[in-house]
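Enquirer: Here the sequence shown is numbered in UniProt numbering, starting from 1 and rising by one per residue. Where is the CB? At the ideal position from N, CA and C, for every residue including glycine.
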Amino acid sequence: IIHNHFDFLPLTYIKMTSTPVVTTIHGFSSPKILPVYKKYNNKSYYVSISNAARSPDLDYIATVYHGIDLNQFTFNAEPKDYLLFFGRIHNDKGTKEAIEIARKVGMKLILAGIIQDKNYFKKNVEPFLDNELIKYAGVAGPKKRNELLGGAYALLNPINIPEPFGLSVVEAMACGTPVIAFNKGSMSEVIVNGKTGFLVNSIHDAVKSFKKVNKIERSECRRWVEKKFTVERMVNDYIKVYKSILTTEKN
Numbered sequence: 001i002i003h004n005h006f007d008f009l010p011l012t013y014i015k016m017t018s019t020p021v022v023t024t025i026h027g028f029s030s031p032k033i034l035p036v037y038k039k040y041n042n043k044s045y046y047v048s049i050s051n052a053a054r055s056p057d058l059d060y061i062a063t064v065y066h067g068i069d070l071n072q073f074t075f076n077a078e079p080k081d082y083l084l085f086f087g088r089i090h091n092d093k094g095t096k097e098a099i100e101i102a103r104k105v106g107m108k109l110i111l112a113g114i115i116q117d118k119n120y121f122k123k124n125v126e127p128f129l130d131n132e133l134i135k136y137a138g139v140a141g142p143k144k145r146n147e148l149l150g151g152a153y154a155l156l157n158p159i160n161i162p163e164p165f166g167l168s169v170v171e172a173m174a175c176g177t178p179v180i181a182f183n184k185g186s187m188s189e190v191i192v193n194g195k196t197g198f199l200v201n202s203i204h205d206a207v208k209s210f211k212k213v214n215k216i217e218r219s220e221c222r223r224w225v226e227k228k229f230t231v232e233r234m235v236n237d238y239i240k241v242y243k244s245i246l247t248t249e250k251n
């Protein structure tokens with residue numbers, strides 16, 4: 001079996017081999033990509049990273065959620081007094097919305113991630129950095145990431161796009177940190193509403209949910225990730241996919 005994680009380009013070589021090809025589709029960066037996937041729909045076995053990430057125009061053999069190495073994420077039962085935004089500083093990720101939520105609830109917000117859109121940063125983030133409430137921590141490596149995620153009272157994920165998965169959400173929960181997220185894309189598959197975080201549809205709802213974060217058991221967040229999003233579970237799921245394909249090919 002050949003397992004392709006490199007988007008659609010390797011599919012163009014699929015006729016050169018008789019070996020079954022599995023393609024994990026990590027998202028559609030543009031609608032223009034979909035026709036290419038459709039062209040090879042019957043030639044490659046497609047795997048989605050969430051049910052929300054699926055296109056109705058394609059056939060899938062399975063959904064396999066991402067898995068993380070839990071050894072890299074330390075559970076923290078006693079968070080500090082700050083909210084966290086962890087991801088690209090970009091409109092897609094809802095950085096501006098996270099700032100607005102933090103200002104409305106009156107809790108410190110730490111922003112961590114690459115500045116992908118400098119104009120967006122200057123317009124929507126920079127003006128608030130003089131305030132003691134909003135801090136930009138830069139890009140976080142593994143150690144800093146673990147500390148920030150584990151120390152946060154809650155992770156804010158007010159996305160403006162249908163997120164195909166949301167790795168930072170899982171990483172936060174692995175540290176015991178609940179997540180307040182806009183209910184778009186895969187968020188309802190990743191977060192258990194009311195148990196590991198809150199799924200909301202507006203800034204107003206996010207502010208209301210903030211008042212209930214203290215009712216979330218941080219240990220429950222960790223247990224959910226241990227059950228659903230470990231690297232071991234991901235590997236086992238892919239092995240099942242491979243075995244299914246080999247059985248099909250033999251027949």
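Please report the distance separating the alpha-carbon of V179 from that of A140.
Expert: Their backbone Cα atoms lie some 19 Å apart in a straight line.
Enquirer: Using 8 Å as the Cβ pair cut-off and three pairs as the minimum, do the stretch 64–84 and the stretch 101–111 touch?
Expert: Contact between the stretch 64–84 and the stretch 101–111 is present, because at least three Cβ pairs lie under 8 Å.
Enquirer: Under the rule that 16 or more other beta-carbon atoms within 10 Å means buried, what is F6, buried or exposed?
Expert: Exposed is the call here.
Enquirer: Output yes or no for whether 7 Å exceeds the beta carbon distance between L129 and Y136.
Expert: For L129 and Y136, yes; Cβs fall inside 7 Å.
Enquirer: Suppose only complete runs of 3+ residues qualify. What are the beta strand (DSSP E) ranges in the UniProt domain "Glycosyl transferase family 1" (76–226), listed by chain order?
Expert: You should have 83–86, 109–112, 134–136, 154–157, 179–182, 197–200.
Enquirer: Applying the 10 Å Cβ sphere with the 16-neighbour rule, what's the burial state of V235?
Expert: Label assigned to V235: exposed.
Enquirer: Can you give me the Cβ contacts of K43 inside the same chain, cut-off strictly under 7 Å, excluding the 5 residues immediately before and after it?
Expert: So the list reads I14, once near-sequence residues are dropped.
Enquirer: Report the partner residues of N4 according to the DSSP bridge assignment.
Expert: The partner list for N4 (beta bridge, DSSP) reads T23.
Enquirer: Going by DSSP, what residue range makes up the beta strand (DSSP E) through T230?
Expert: T230 -> no beta strand (DSSP E), and no H or E assigned at all.
Enquirer: Could you say which of I161, N41, K144 lies nearest to residue 254 if we only look at CA atoms?
Expert: This structure gives no information on residue 254, because the portion of the chain shown stretches from 1 to 251.
Enquirer: If you run the structure through DSSP and keep just helix, strand and coil, what is S18?
Expert: Residue state, collapsed to three classes: coil.
Enquirer: Do you know offhand how far K122's Cα is from N131's?
Expert: Straight-line Cα distance between these residues: approximately 15 Å.
Enquirer: I think E249 touches A52, with their Cβ atoms under 8 Å apart; what is that distance to the nearest whole Å?
Expert: Not really, about 29 Å apart at Cβ, beyond 8 Å.
Enquirer: Start and end of the alpha helix (DSSP H) containing V36?
Expert: 34–39 is the extent of the alpha helix (DSSP H) around V36.
Enquirer: Going by the CB atoms, is the gap between T95 and V125 shorter than 7 Å?
Expert: In this structure, T95 lies closer than 7 Å to V125 by Cβ.
Enquirer: Starting from T63, trace the beta strand (DSSP E) both ways and give me its first and last residue.
Expert: Unbroken beta strand (DSSP E) run through T63: 60–63.
Enquirer: Looking only at its chain, what residues have a beta carbon closer than 8 Å to the beta carbon of V207, apart from the 5 residues adjacent to it on each side?
Expert: Only I101, K104, V105 meet the Cβ criterion.
Enquirer: For the candidate residues T63, N214, Y153, L11, whose alpha-carbon lies nearest to that of K39?
Expert: For K39, the nearest C-alpha among the options comes from L11.
Enquirer: Sorted by chain position, which residues of the same chain lie with C-beta nearer than 7 Å to S186's C-beta, five sequence neighbours on each side aside?
Expert: Closer than 7 Å at the Cβ level, and outside the excluded window around S186, lie S50, A52, A53, E163, P164, F165, G166.
Enquirer: State the Cα-Cα distance for the pair L156 and P142, rounded to the nearest angstrom.
Expert: Each residue's Cα considered, the two are about 19 Å apart.
Enquirer: Please report the distance separating the alpha-carbon of K93 from that of V21.
Expert: Distance between the alpha carbons of K93 and V21 is about 32 Å.
Enquirer: Under the DSSP definition of a beta bridge, which residues are partnered with Y45?
Expert: Paired residue(s): V22.
Enquirer: Measure from the alpha carbon of V200 to the alpha carbon of each residue in R218, A181, V192, then state which is nearest.
Expert: It is A181 whose Cα lies nearest to the Cα of V200.
Enquirer: Pull up the distance between the alpha-carbon of G87 and that of Y37, whole angstroms please.
Expert: Looking at the two C-alpha atoms, the distance is approximately 28 Å.
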